[in-house]
Amino acid sequence: MLETKLEIKNLSAWYSEHQVLKNVSIPIYKNKVAAIIGPSGCGKSTLIRCINRLHEIVPNAKVEGQVLLDGKNIYDIDVDPMEVRKKVGMVFQQPNPFPTMTIFDNVAVGLKLNGVKDKKLIQSTVINALKEAGLYEEVKDKLHHYGTHLSGGQQQRLCIARTLALRPEVILFDEPCSALDPISTAKIEDLILELKKNHTIIIVTHNLQQAARVSEYTAFLYLGELIEFGLTESIFTAPKMKKTEEYIMGRFG
Amino acid sequence: MKRKIIDKIMQFLIYTSGVLVCFVLLIILGYIVLKGISSLSLDFFIRLPKPVGEVGGGMVNAIVGSFILVLLSTLWSVPIGVLSGVYLAESSSSAKPSNFSSVLRFLLDVLSGVPSIVIGIFAYSLIVLPMKKFSAIAGSFALGIIMLPTITRTAEEMIKMVPRSIKEASLALGINYWKTVFFVILNTAKPGILTGILIAVARIFGETAPLLFTAFGNRFWHRSLFEPIAALPLQIFAYAISPYDDWHKQAWAGALILILIVYIIIFMSRKILLKYR
Ligand SMILES: Nc1ncnc2c1ncn2[C@@H]1O[C@H](COP(=O)(O)OP(=O)(O)OP(=O)(O)O)[C@@H](O)[C@H]1O
Ligand SMILES: [Mg+2]
Chain A
0 MLETKLEIKN LSAWYSEHQV LKNVSIPIYK NKVAAIIGPS GCGKSTLIRC INRLHEIVPN
60 AKVEGQVLLD GKNIYDIDVD PMEVRKKVGM VFQQPNPFPT MTIFDNVAVG LKLNGVKDKK
120 LIQSTVINAL KEAGLYEEVK DKLHHYGTHL SGGQQQRLCI ARTLALRPEV ILFDEPCSAL
180 DPISTAKIED LILELKKNHT IIIVTHNLQQ AARVSEYTAF LYLGELIEFG LTESIFTAPK
240 MKKTEEYIMG RFG
Chain G
0 MKRKIIDKIM QFLIYTSGVL VCFVLLIILG YIVLKGISSL SLDFFIRLPK PVGEVGGGMV
60 NAIVGSFILV LLSTLWSVPI GVLSGVYLAE SSSSAKPSNF SSVLRFLLDV LSGVPSIVIG
120 IFAYSLIVLP MKKFSAIAGS FALGIIMLPT ITRTAEEMIK MVPRSIKEAS LALGINYWKT
180 VFFVILNTAK PGILTGILIA VARIFGETAP LLFTAFGNRF WHRSLFEPIA ALPLQIFAYA
240 ISPYDDWHKQ AWAGALILIL IVYIIIFMSR KILLKYR
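Order-wise, the sequence lines are chains A and G. Going by numbering that gives the first Met the number 0, the first sequence opens with residue 0, and the numbers climb by one from there. Going by numbering that gives the first Met the number 0, the second sequence opens with residue 0, and the numbers climb by one from there.
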């Protein structure tokens with residue numbers, strides 16, 4: 000029943016000479032939510048940025064190891080990073096809608112710039128994506144206003160819609176709620192639970208309650224190393240490693 | 000006590016200089032409006048200059064000529080300037096900034112300090128002499144060069160101000176690097192770049208020196224872009240130094256119109272910036 004959608008295998012990553020990920024291996028299961036937790040600076044963001052090949056856009060950054068998406072290593076030379084990024088969408092910590100584009104164009108731009116010409120198709124995909132992101136009802140009368148006039152939570156859902164428009168199979172969330180109020184946070188969490196029916200999800204979070212609420216699996220990262228990976232329940236109730244226990248008890252980080 | 004007195008004196012100095020500046024500007028503006036408005040008439044906007052000695056006529060050819068010159072200069076300098084700005088901004092964000100970009104940046108800084116008449120001479124020897132003719136082409140070549148540094152450097156600065164997160168968001172959507180630069184980053188920097196372009200346009204609208212021996216001026220309609228063409232500042236200059244009273248009046252009217260056009264352009268650039276706030 001458990002199908003592996005993504006397999007991170009012996010992954011190491013550097014910024015110049017500074018190694019921030021050390022031989023990390025994690026399986027990510029299809030249609031499940033995996034949480035990545037760990038103290039600030041342990042490499043959580045770097046890890047998920049290796050999964051959509053965004054790490055390599057940083058000057059002098061380097062990756063070693065494999066990330067298998069449906070069994071195919073995304074770092075093989077015959078793989079186009081653009082294709083990987085279409086299949087593996089990403090939502091960032093700070094909501095970052097395109098400021099000079101309307102709400103509609105924010106969602107449509109990924110399609111348009113990836114060569115979709117069919118106006119009707121774009122229109123329907125945009126509306127569907129906004130609906131899936133739970134934003135449509137709030138913005139349906141102002142699709143042609145600028146996205147920056149929305150609230151922080153709405154902006155984040157706009158960014159989710161923008162990602163959904165490309166029909167990704169995997170969605171990466173990098174602390175998507177850290178800039179949001181509790182109500183907007185709850186909405187995004189509900190959304191993640193809804194999205195996992197059709198997507199595989201990885202979420203980085205500092206909020207352990209959030210990890211417990213939304214994820215089935217949890218990986219604990221410390222100083223660039225994977226300390227423990229397993230069912231969220233067992234990580235939180237019966238951690239095998241001392242470090243994990245200390246982190247969860249709030250003794251550091 | 001002593002501090003208080005110094006405070007008061009400083010305050011007084013600051014205020015009076017402010018008032019003085021306002022005063023000088025108002026006098027200049029008021030004088031031009033006063034002098035210009037009395038010579039403005041419908042004829043001014045729709046008639047060609049009358050032959051020497053005859054009273055009346057207008058500057059329609061100079062007004063149209065100025066717009067043509069500015070349009071032509073913008074047409075070639077904006078694409079080149081913006082593209083160079085993209086290049087400068089992108090090369091400074093890459094791992095190893097190229098030597099060429101610092102050379103380019105240096106040259107642009109030098110260019111922006113070159114007096115406009117020198118650029119006129121340059122255009123004269125590069126275009127007018129070989130073609131053996133003054134022309135709109137030569138004029139807009141000179142004006143475009145004057146615009147280049149402003150446009151390039153504003154474009155560079157505005158592109159650099161686009162947050163990294165915007166670039167990353169675009170790349171994360173599977174949009175490739177070049178499309179990200181040209182359709183997402185440039186789009187985000189667009190209001191600032193447009194403002195820079197308008198400021199450059201406002202500046203060249205009043206440029207006279209570089210047009211003296213390039214566009215040259217023309218009392219009639221130009222028949223093609225390869226002929227001498229009239230321009231508002233040239234016409235003002237020619238009329239102002241003439242011995243005729245009627246021409247002096249028309250020069251004032253021309254000056255008023257010139258200021259009005261420049262003001263409208265600057266006003267538009269403000270509007271654009273505000274729109275995206
Ligand atoms: N662009 C970069 N250039 C150089 N070093 C970087 C860069 N980004 C991150 N680092 C370094 O890499 C390490 C891991 O950073 P990363 O952002 O992956 O941590 P994180 O776990 O996501 O932290 P946080 O919880 O604060 O977001 C840190 O030591 C950080 O200083
Ligand atoms: Mg992070």
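We treat Cβ as the ideally placed atom computed from N, Cα and C, and that holds for glycine. A quick note: this is a predicted structure, and the numbers were derived from the prediction, not measured.
Rounding to the nearest angstrom, what Cα-Cα distance links residue i and residue j in this structure?
i, j, result
"proline 114 of chain G", "methionine 160 of chain G", "30 angstroms"
"leucine 224 of chain G", "proline 209 of chain G", "17 angstroms"
"threonine 135 of chain A", "leucine 165 of chain A", "First, the residue type needs correcting, since residue 135 of chain A is tyrosine and not threonine in the sequence shown. Roughly 17 angstroms separates the two Cα atoms."
"glycine 143 of chain G", "isoleucine 45 of chain G", "28 angstroms"
"proline 129 of chain G", "phenylalanine 215 of chain G", "16 angstroms"
"asparagine 113 of chain A", "isoleucine 174 of chain G", "6 angstroms"
"lysine 132 of chain G", "asparagine 60 of chain G", "19 angstroms"
"cysteine 21 of chain G", "methionine 9 of chain G", "18 angstroms"
"leucine 233 of chain G", "glutamate 89 of chain G", "40 angstroms"
"tyrosine 221 of chain A", "valine 23 of chain A", "11 angstroms"
"isoleucine 126 of chain A", "histidine 221 of chain G", "54 angstroms"
"phenylalanine 212 of chain G", "alanine 254 of chain G", "21 angstroms"
"serine 268 of chain G", "isoleucine 260 of chain G", "13 angstroms"
"phenylalanine 97 of chain A", "proline 26 of chain A", "33 angstroms"
"glycine 29 of chain G", "glycine 35 of chain G", "10 angstroms"
"isoleucine 4 of chain G", "phenylalanine 11 of chain G", "10 angstroms"
"valine 115 of chain A", "lysine 274 of chain G", "29 angstroms"
"glycine 133 of chain A", "cysteine 158 of chain A", "12 angstroms"
Use the C-beta contact count for residue i: other C-beta atoms within 10 angstroms, 16 or more gives buried, fewer gives exposed.
i, result
"lysine 4 of chain A", "buried"
"phenylalanine 266 of chain G", "exposed"
"aspartate 108 of chain G", "exposed"
"valine 138 of chain A", "buried"
"glutamine 122 of chain A", "exposed"
"valine 32 of chain A", "buried"
"threonine 236 of chain A", "exposed"
"aspartate 189 of chain A", "exposed"
"serine 93 of chain G", "exposed"
"asparagine 59 of chain A", "exposed"
"arginine 104 of chain G", "buried"
"glutamine 208 of chain A", "exposed"
"asparagine 95 of chain A", "buried"
"proline 50 of chain G", "exposed"
"asparagine 98 of chain G", "exposed"
Please classify residue i: does DSSP put it in a helix, a strand, or coil?
i, result
"asparagine 72 of chain A", "strand"
"alanine 214 of chain G", "coil"
"aspartate 79 of chain A", "coil"
"glycine 40 of chain A", "coil"
"glycine 35 of chain G", "helix"
"asparagine 22 of chain A", "strand"
"glycine 57 of chain G", "coil"
"asparagine 9 of chain A", "strand"
"glycine 88 of chain A", "strand"
"lysine 239 of chain A", "coil"
"lysine 4 of chain A", "strand"
"phenylalanine 43 of chain G", "helix"
"alanine 230 of chain G", "coil"
"isoleucine 27 of chain G", "helix"
"tyrosine 243 of chain G", "coil"
"aspartate 108 of chain G", "helix"
"leucine 230 of chain A", "strand"
"aspartate 140 of chain A", "coil"
"glutamine 65 of chain A", "strand"
"proline 48 of chain G", "strand"
"alanine 34 of chain A", "strand"
"valine 180 of chain G", "helix"
"alanine 283 of chain G", "As shown, chain G starts at 0 and ends at 276. That puts residue 283 of chain G outside it, with no answer to give."
"leucine 120 of chain A", "helix"
"glutamate 16 of chain A", "coil"
"valine 117 of chain G", "helix"
"phenylalanine 22 of chain G", "helix"
Exercise for the section: Select from the segment 114 to 137 of chain A all residues with a C-beta closer than 7 angstroms to any C-beta belonging to chain G, and list them in chain order. Expected result: none
Handout entry: Pocket of ligand 2 defined by Cβ to heavy atom distance under 7 angstroms
Key = A:Lys43, A:Ser44, A:Gln92, A:Asp173, A:Glu174, A:Val203
Practice task
Pull out every residue of the segment 182 to 195 of chain G whose Cβ sits closer than 8 angstroms to any Cβ of chain A, in chain order.
Solution key: Phe182, Val183, Asn186, Thr187, Lys189, Pro190
Exercise for the section: Identify each residue in the segment 150 to 168 of chain A for which the Cβ-Cβ distance to at least one residue of chain G is less than 8 angstroms, and report them in chain order. Expected result: Cys158, Arg161, Thr162, Leu165
Exercise for the section: Could you list the residues in the segment 44 to 57 of chain A with a C-beta less than 7 angstroms from some C-beta on chain G, going in chain order? Expected result: Asn51, Leu53, Ile56
Handout entry: Within 9 angstroms of chain A by C-beta, residues of the segment 68 to 99 of chain G in sequence order
Key = Ser92, Ser93, Ala94, Lys95
Handout entry: Residues of the segment 162 to 184 of chain G whose Cβ lies closer than 9 angstroms to any Cβ of chain A, in chain order
Key = Pro162, Ser164, Ile165, Lys166, Glu167, Ala168, Ser169, Leu170, Ala171, Leu172, Gly173, Ile174, Asn175, Tyr176, Lys178, Thr179, Phe182, Val183
Practice task
Select from the segment 265 to 276 of chain G all residues with a C-beta closer than 9 angstroms to any C-beta belonging to chain A, and list them in chain order.
Solution key: Tyr275
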